[in-house]
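First comes the structure, then the notes that go with it.
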Amino acid sequence: MSSLLSAALLGTSRTAPAFDSLPPEIRDAVGTLGDDPARTLLAAAALERAYRRGGAVAVTADVPPPAPEDPRPTLPQSSAAHLLSLLAAKATLLDDWFVLALERDFRAPDHLVAELLSHAHKSEQHRESILHIVGERGRWLAARNPEWKKLVRHKNSDVDLWRHGTPQERVQWLRDTRRIDPAAALSELEQSWDSERGEHKVAFVTALSIGSSPADASLLERALDDKRKDVRREAAVLSSRIPSSPLAERMAQRVLSWVRVERKLLRSKLVIQPPEEIDASARRDGIEDRPNPQTDYRVEYVRQAISCAPLALWDSVIGDSRKVLATAVDPDWEPVLHDAWTSAALAQRNSEWALAILHTRGLSTDRRLLRLVPSQELATLLRSGNGDANVLNPDRAAVYEALPGPWPEDITRAVLGQWERAGARRADGGSKAGEFSRHRYAASLRLAENRFPYTAVSLLDKAAERARDPDWQQAFVRTAHAITYRRTLLEELK
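Heads up: the sequence shown is residues 122 to 615, going by the numbering used here.
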């Protein structure tokens, strides 16, 4: 074919096509095609392609055992059809849909298993939920398609796959086993750790984040001595999430040596004395020289140590989280300490500290912490009026986003009231009317579609009747329709 392609590219007027490399049967047929070089070239190419495709040798294969039965109830027909459309649209409603479908333990109809696996292969979003829906039959089918290997989840502790599988299969086995038997997965990794290749260790350590517990600390300590920096860094990150780990205890000792409480008659004060240089032990634990144009390099040592130290440390030094945050400190150090405490609260998933930081810093709190704050506390913040400004700007909607639905009626009415006031300002016109366009509120409108209670439909219908601005009227109608649609889809699963 390469000789025919060369002749076609150069043109038969410049070079004569050569047929010597073609199979004998094709050469014989080409000799009967006539004298037109161009027609002969095209015919030869067509004949060779047909010859190649039709000349494949038949192969045999063993018929695989049938897919195992799945006794779970099948998704209702309408729900199965809606699932495909929701996945195609990447709808935010999918989170609620999967929660309810998994709670009812539905399985996908057999004719949709392949299509759902194809979607799970293309996108990580909702992958694990899809794999649960397709169940054993999906696992059976995925195992027979090389492209879907990463979708195979192992529900047993067959250590042969760990001991003899490919690197990708071993990582997947480790992740799957950590979900059902963390101790067994840890034991296997501990036995093989010293013989593992460096480039594989990072993925293995990362897998330990599933089902992480104090039992992992011993292996993570070994990982801190690894030659590869990425392995050491990941081990340090995971160790800092375990407050009782040896690394966390060493970080606590560093904090105690660098930070002291200066007790005065009226108010105590935190005094920080950062080290001029850190020792090899600190570097082993992941403390690095981090250039920061805003702070001294020594400040970064303190920031990293506090971020990795157990928050319980401060109970013995000062008291509970609110007392710690209320303790006086040099203004230059205050943002550094708050940032470090925020990182520690996130790593240790400490709701008490998250709430205390929210009360101290208000709306400047790192939005990631709000997921740790109890929902009733978020609702109280919004009822107080301090969170109202959040809904005015998509970038500041963190409190509303963190509050799970369905929202209480009073908060629903408050949000709707803000929209109506914005719509009225928009209808009144003026130089600032553009600031009250419904497009400025797109984030909160989308959020309401999934968080407003079903009873909000009537409130939105009445708001649409009162609206004087056509765009806002349309927004109220669309949001009401979205809530009705959500109710229909979710009630199908009940």
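Note that the Cβ used here is the ideal one computed from N, Cα and C, for glycine as well.
Predicted, not measured: the structure shown is a model, and the values here were computed from it.
Residue i: first and last residue of the uninterrupted alpha helix (DSSP H) it sits in
{"i": "Val420", "result": "418-429"}
{"i": "Val382", "result": "Looking at the DSSP string, Val382 is not in any alpha helix (DSSP H); the run it does join, the beta strand (DSSP E), is 380-383."}
{"i": "Ser480", "result": "Just to set this straight, residue 480 is His in the shown sequence, not Ser. His480 -> alpha helix (DSSP H) spans 472-482."}
{"i": "Val180", "result": "Element bounds for Val180: n/a, residue is neither H nor E."}
{"i": "Trp261", "result": "248-263"}
{"i": "Asp346", "result": "No alpha helix (DSSP H) holds Asp346; DSSP gives it neither H nor E."}
{"i": "Phe219", "result": "215-224"}
{"i": "Ser485", "result": "Careful: Ser485 lies outside any alpha helix (DSSP H) and carries neither H nor E."}
{"i": "Phe325", "result": "319-328"}
{"i": "Pro456", "result": "455-469"}
{"i": "Ala305", "result": "303-313"}
{"i": "Lys583", "result": "577-587"}
{"i": "Ala241", "result": "234-243"}
{"i": "Trp528", "result": "Run containing Trp528: none; DSSP gives neither H nor E here."}
Own chain partners of residue i with C-beta closer than 7 Å, once the 5 adjacent residues on each side are dropped
{"i": "Leu513", "result": "Bear in mind that a pLDDT of 38 at Leu513, under 50, signals an unreliable position, so the number given afterwards is only what the model happens to contain. None."}
{"i": "Val280", "result": "Glu309"}
{"i": "Glu498", "result": "Leu476"}
{"i": "Ala241", "result": "Arg248, Ile251, Leu252, Leu272"}
{"i": "Leu162", "result": "Leu125, Ala128, Ala129, Thr133, Pro138"}
{"i": "Glu290", "result": "Leu282"}
{"i": "Val578", "result": "Ala601, Ile604, Thr605"}
{"i": "Ala356", "result": "Val326, Leu341, Ala344, Leu345"}
{"i": "His321", "result": "Pro288"}
Local Cβ density within 10 Å of residue i, reported as buried at 16 or more and exposed below that
{"i": "His275", "result": "buried"}
{"i": "His560", "result": "exposed"}
{"i": "Ala430", "result": "buried"}
{"i": "Gln595", "result": "exposed"}
{"i": "Val220", "result": "exposed"}
{"i": "Gly508", "result": "Summary for Gly508: the model assigns pLDDT 47, below 50, so the residue's position carries little reliability; its value from the coordinates is reported in the next sentence. Gly508 is buried by the Cβ-count criterion."}
{"i": "Glu146", "result": "exposed"}
{"i": "Ala369", "result": "buried"}
{"i": "Thr153", "result": "exposed"}
{"i": "Gly544", "result": "buried"}
{"i": "Gln394", "result": "exposed"}
{"i": "Ser244", "result": "exposed"}
{"i": "Val184", "result": "exposed"}
{"i": "Leu386", "result": "exposed"}
{"i": "Lys350", "result": "exposed"}
{"i": "Gln293", "result": "buried"}
{"i": "Ser552", "result": "exposed"}
Under the three-state DSSP convention, the category residue i falls into
{"i": "Arg404", "result": "helix"}
{"i": "Val520", "result": "helix"}
{"i": "Arg284", "result": "helix"}
{"i": "Val512", "result": "Bear in mind that a pLDDT of 42 at Val512, under 50, signals an unreliable position, so the number given afterwards is only what the model happens to contain. Helix."}
{"i": "Thr195", "result": "strand"}
{"i": "Ala449", "result": "strand"}
{"i": "Arg291", "result": "helix"}
{"i": "Arg607", "result": "helix"}
{"i": "Ala561", "result": "According to the sequence provided, residue 561 is Arg. The question's Ala does not apply to it. Arg561 falls in the helix class under three-state DSSP."}
{"i": "Arg296", "result": "helix"}
{"i": "Gly228", "result": "The residue asked about is misnamed: residue 228 is Arg in this sequence, not Gly. Strand at Arg228."}
{"i": "Ala139", "result": "coil"}
{"i": "Val553", "result": "Per the sequence shown, residue 553 should be read as Lys rather than Val. The answer is coil: DSSP assigns Lys553 none of H, G, I, E or B."}
{"i": "Arg274", "result": "coil"}
{"i": "Val494", "result": "coil"}
{"i": "Arg362", "result": "coil"}
Run of the beta strand (DSSP E) containing residue i, from where it starts to where it stops
{"i": "Lys390", "result": "390-393"}
Sequence-distant residues of its chain with Cβ nearer than 6 Å to residue i (five each side left out)
{"i": "Asp191", "result": "Arg228, Gly256, Glu257, Arg258"}
{"i": "Ala554", "result": "Arg547"}
{"i": "Val457", "result": "Val420, Arg424"}
{"i": "Ala264", "result": "Val273"}
{"i": "Pro197", "result": "Glu613"}
{"i": "Asp592", "result": "Arg559"}
{"i": "Thr481", "result": "Leu446"}
{"i": "Ala535", "result": "none"}
Close Cβ partners of residue i (< 8 Å) along its chain, the five nearest in sequence each way excluded
{"i": "Leu490", "result": "Thr463, Ala466, Leu467, Ala475, Ile478, Leu479"}
{"i": "Ile532", "result": "Ala500, Leu503, Arg504, Leu524"}
{"i": "Pro364", "result": "Pro431, Leu432, Ala433, Gln469"}
{"i": "Pro367", "result": "Ala338, Glu342, Ser360"}
{"i": "Val234", "result": "Val255, Arg258, Gly259, Leu262"}
{"i": "Ser472", "result": "Leu493, Val494, Pro495"}
{"i": "Trp106", "result": "Absent from the structure is residue 106, since the part of the chain shown begins at 122 and ends at 615."}
{"i": "Tyr172", "result": "Pro144, Glu146, Ile147"}
Cβ-Cβ separation, residue j to residue i (assumed contact under 8 Å), whole Å
{"i": "Leu345", "j": "Asp406", "result": "7 Å"}
{"i": "Gln469", "j": "Arg384", "result": "The Cβ separation is near 27 Å, so there is no contact."}
{"i": "Arg299", "j": "Ala328", "result": "6 Å"}
{"i": "Ser250", "j": "Leu223", "result": "6 Å"}
{"i": "Arg608", "j": "Tyr562", "result": "That belief does not hold up - the Cβ atoms of Arg608 and Tyr562 are roughly 23 Å apart, past 8 Å."}
{"i": "Ala188", "j": "Leu168", "result": "Incorrect: roughly 42 Å between the Cβ atoms, too far for contact."}
{"i": "Ser485", "j": "Tyr521", "result": "Rounded, the Cβ-Cβ distance is 16 Å, inconsistent with contact."}
{"i": "Ala461", "j": "Lys390", "result": "Going by Cβ atoms, the distance from Ala461 to Lys390 rounds to 17 Å, so no, they are not a contact pair."}
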